[in-house]
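**Student:** To convert a position in the sequence shown, counted from 1, into the working numbering, add 3.
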Amino acid sequence: MGKFDFSGWATRNDLLCGDGRTIKRNAFIDNDGETVPLVWNHQHNDANNVLGHALLENRDEGVYAYCTFNDTETGQAAKKLVKHGDVRSLSIYANKLKQVGGDVVHGCIRELSLVLAGANPGAYIDFVMAHSEDGSEELSGVEASYDENIMIHSDMEEEAQPDANKKETEMGAENNEEMTVGDVFDTLTEDQKTAVYAIIGEILDDEDDDDEEYDEYDEGDYEDMKHNLFDNDREEDVLCHADMATIIDDGKRYGSLKESFLAHADEYGIEDIEWLFPEAKNEFNRPELIGRETDWVSKVMGAVSHSPFSRIKTMYADITEDEARAKGYIKGKLKKNEVFSLLKRTTQPTTIYKKQKIDRDDLIDITDFDAVAWIKQEMRLMLDEEIARAILVGDSRLASDDDKIDENCIRPVVNDADLFVIRWAVDDGSTGADLAKNFITAAIKSRKNYRGSGNPVLYTTEDMLTEMLLLEDTLGHKLYKTETELATALRVSSIVTVPVMENFEDADGKDVYGIIVNLKDYKVGADKGGAINMFDDFDIDYNQQKYLMETRCSGSLIKPFSAIVLREGSATASEEPTMSQAMNEFKR
């Protein structure tokens with residue numbers, strides 16, 4: 004054996020350790036004959052903590068160690084402690100463990116430590132070498148006594164606390180059996196709670212990195228443990244390394260580390276683990292409104308003309324007949340007077356409103372955001388959408404519906420009289436591409452009778468726009484690479500998609516594919532005080548806050564032949580009336 008300063012059991016078999024495990028025979032047989040560092044209390048952060056080395060010998064009863072101190076100051080100080088019997092316990096640091104239930108069947112000892120109290124009740128120093136002045140040596144026996152109820156590591160640290168803290172710790176220990184996880188968590192400071200949140204959040208959020216990392220590990224080949232494996236400072240609600248191995252192995256079966264962690268939480272004694280998770284945060288601080296795409300609404304409302312009068316009166320003179328033409332004069336003949344008819348239309352205002360209410364108790368309890376401002380935002384959004392819809396295609400409600408917006412007051416472009424709207428038929432075709440080609444042809448041909456202002460805008464559906472942009476030539480090249488190129492081909496300034504036009508039918512029951520109009524020719528009138536107004540009131544009887552947003556206005560096209568409606572029909576049978584026919588129909 005050579006010379007050594009003391010010897011003792013590094014670990015003993017078949018004894019229940021303080022961490023609830025039992026080391027089985029030959030669990031560390033691979034360390035037989037190996038030399039490992041002798042360390043003070045498993046401290047690995049300073050070279051001065053290395054006291055010497057230990058020669059390990061595997062025996063039937065466990066692992067026996069022959070230890071020698073080095074010549075460092077700390078090594079010699081530890082030698083005196085052992086010689087005087089001040090320190091008697093040994094503890095091993097091991098990794099690469101394999102367990103069967105609570106039994107450790109294999110592992111690798113990395114170092115042996117002198118400790119104040121160990122987890123294995125059989126790990127102690129039994130012989131110390133005494134060196135005499137004359138150079139002779141002898142073995143002196145050390146009493147092989149140990150405490151079955153050995154103090155855990157955390158208790159040892161608390162003994163060094165000031166008396167006040169020690170007293171509080173002892174009181175906490177006495178009541179430990181009655182404390183819940185929530186009680187323990189409530190004893191933490193705010194900084195400590197924040198640290199717990201961060202640790203748990205990091206475990207749950209880094210799922211992708213963890214899943215890739217775990218594929219690289221073999222069974223039993225995990226990171227070295229960051230503390231003494233057999234220190235009995237393990238509490239019931241702490242996952243051991245083997246527990247984490249099980250969670251990792253099941254990670255792929257559950258789909259993610261987070262799901263596996265939660266599935267095993269109760270199994271390993273962590274109850275109500277969700278208490279440790281950070282509170283869910285509202286991404287937008289207030290509920291987001293789920294509705295139709297409304298970009299088109301602002302384009303419609305911003306394009307129409309406005310009048311300070313709610314009653315819109317328009318007058319037209321028909322000078323399309325031959326009687327209105329200038330005439331040649333023959334000397335001596337009677338000069339004939341010009342004859343033409345006048346046309347007139349008056350549009351009356353109507354009221355459009357949006358009403359909402361909320362219990363005052365709820366209004367007071369909502370503290371995360373301004374509920375009143377949110378309600379008003381929703382009301383204005385929906386009111387604007389309804390007005391824009393009424394202007395372009397009508398509100399689509401039945402005439403018998405009390406909520407229907409009167410189409411004689413807000414005249415929808417799509418259903419206006421033939422004097423103001425050119426209706427052009429578009430062949431459906433056998434495919435979507437055929438319909439798109441026929442739509443483009445109809446849009447171009449229908450412009451011959453257009454009398455509206457400037458370059459109009461095409462209002463259509465997303466499906467129709469998509470079909471037109473997907474058109475290809477015989478070589479497979481796109482005919483129109485951008486919406487701008489397509490708009491130029493259609494002779495319009497821009498293309499606006501309108502969700503409410505999807506599957507829309509006009510008053511004649513025909514599918515409408517598009518509307519070409521410059522809404523500068525559409526007049527919206529409102530008297531002073533008839534613009535959009537907001538009212539709020541409090542109902543004392545029902546304790547409710549009520550809100551009303553309304554406007555009183557009128558709207559109609561003011562220029563003949565200023566809109567084109569492209570709709571379902573046969574292009575071979577022209578539906579287009581002549582100007583005279585349209586004028587006569589309007590007179591009737």
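C-beta atoms are modelled at their ideal positions from N, C-alpha and C, and glycine is treated no differently.
Our contact map puts LEU54 next to VAL42 with C-beta atoms below 8 Å; I'd like the distance itself, whole angstroms only.
**Tutor:** Rounded, the Cβ-Cβ distance is 7 Å, consistent with contact.
**Student:** Looking only at C-alpha atoms, which of ASN441, ALA420 and GLY105 sits nearest to LEU19?
**Tutor:** Answer by Cα proximity: GLY105.
**Student:** Going by DSSP in three states, GLY3 sits in which element: helix, strand or coil?
**Tutor:** No statement about residue 3 is possible, as the shown extent of the chain runs from 4 to 591 and does not include it.
**Student:** For a test of the three-state rule: what should DSSP assign to PHE9, helix, strand or coil?
**Tutor:** Looking at PHE9 - three-state DSSP - the assignment turns out to be strand.
**Student:** Mind checking whether ILE315 and ILE561 have CB atoms under 9 Å apart?
**Tutor:** For ILE315 and ILE561, yes; Cβs fall inside 9 Å.
**Student:** Report the option in LYS101, LEU84 and CYS111 whose CA atom is closest to the CA atom of VAL118.
**Tutor:** The shortest C-alpha separation from VAL118 is found at LEU84.
**Student:** For ARG414, tell me which candidate among ALA445, ASP437, THR353 and GLN46 has the shortest Cα-Cα distance.
**Tutor:** Out of ALA445, ASP437, THR353 and GLN46, THR353 has the C-alpha closest to the C-alpha of ARG414.
**Student:** Can you give the beta carbon distance from ALA446 to ILE519, rounded, assuming they're within the 8 Å contact cut?
**Tutor:** That pair is a contact at about 7 Å.
**Student:** Which one of LEU438, SER456 and LEU461 has the shortest CA to CA distance from SER573?
**Tutor:** With distances taken between Cα atoms, SER573 lies closest to LEU438.
**Student:** Can you give the Cα-Cα distance for SER559 and VAL307, rounded to whole angstroms?
**Tutor:** Rounded to whole angstroms, SER559 to VAL307 spans 10 Å at the Cα level.
**Student:** Which of the three DSSP states, helix, strand or coil, is assigned to LYS99?
**Tutor:** Note: LYS99 maps to strand in three-state DSSP.
**Student:** Residues in its own chain within less than 6 Å of ASP431 by CB, not counting five upstream and five downstream?
**Tutor:** So the qualifying residues of the chain are LEU438.
**Student:** Could you pull the DSSP bridge partners for TYR69 from this structure?
**Tutor:** DSSP, once it has assigned bridges, lists SER10 and LEU58 as partnering TYR69.
**Student:** Kindly indicate which residue of CYS556, ILE535 and ARG450 has the alpha-carbon position closest to the one of ILE394.
**Tutor:** Ranking CYS556, ILE535 and ARG450 by Cα distance to ILE394 puts CYS556 first.
**Student:** Using 9 Å as the threshold, is the C-beta distance between ILE390 and ILE355 below it?
**Tutor:** A contact, by the Cβ cut-off of 9 Å.
**Student:** Specify, as a first and last residue, the run of the alpha helix (DSSP H) that LEU386 falls within.
**Tutor:** Note, LEU386: alpha helix (DSSP H), 374–395.
**Student:** Suppose contacts are defined by Cβ-Cβ distances below 9 Å. Is TYR516 in contact with LEU482 by that definition?
**Tutor:** Against a cut-off of 9 Å, the Cβ pair of LEU482 and TYR516 comes out as no contact.
**Student:** Here's the rule I'm using: 16 or more other beta-carbon atoms within 10 Å means buried, otherwise exposed. How should LYS99 be labelled?
**Tutor:** Exposed, because fewer than 16 other Cβ atoms sit within 10 Å of the Cβ of LYS99.
**Student:** Would you mind working out which of GLU465, ASP511, ALA436 and GLU508 sits nearest ASP476, comparing C-alpha positions?
**Tutor:** Closest option to ASP476, Cα to Cα, is ALA436.
**Student:** Anyone know if the C-beta pair for VAL499 and THR463 falls short of 9 Å?
**Tutor:** Contact flag set, yes.
**Student:** Give every residue of the same chain whose Cβ lies closer than 8 Å to the Cβ of MET471, excluding the five residues on either side of it in the sequence, and list them in chain order.
**Tutor:** Once the five neighbours on either side are set aside, the close Cβ partners of MET471 are ALA439, PHE442, ILE443, TYR483 and LEU489.
**Student:** Quick one: which unbroken beta strand (DSSP E) runs of 3-plus residues sit fully inside the stretch 526–554? Chain order, please.
**Tutor:** Runs of the beta strand (DSSP E) inside the stretch 526–554: 536–542.
**Student:** Return the chain-ordered list of same chain residues with a C-beta closer than 7 Å to the C-beta of ASP362, the five sequence neighbours on each side being excluded.
**Tutor:** Excluding residues within five positions, the ones whose Cβ falls inside 7 Å are ASN546 and GLN547.
**Student:** Considering just the uninterrupted stretch of the alpha helix (DSSP H) at ASP466, what are its terminal residues?
**Tutor:** ASP466 -> alpha helix (DSSP H) spans 465–472.
**Student:** Is the beta carbon of GLU571 closer than 9 Å to that of LYS513?
**Tutor:** Cβ atoms of LYS513 and GLU571: closer than 9 Å.
**Student:** Using C-beta distances below 8 Å, list every residue in its chain close to PRO39, excluding the 5 sequence neighbours before and after it, in chain order.
**Tutor:** According to the sequence provided, residue 39 is Val. The question's Pro does not apply to it. If we look at VAL39 and ignore the five residues flanking it on each side, its Cβ neighbours are HIS56, ALA57, LEU59, ILE112, ARG113, GLU114 and LEU115.
**Student:** Classify LYS170: buried if its beta carbon has 16 or more other beta carbons within 10 angstroms, exposed otherwise.
**Tutor:** Bear in mind that a pLDDT of 43 at LYS170, under 50, signals an unreliable position, so the model cannot answer this.
**Student:** List the residues that DSSP assigns as beta-bridge partners of PRO40.
**Tutor:** DSSP lists HIS56 as partners of PRO40.
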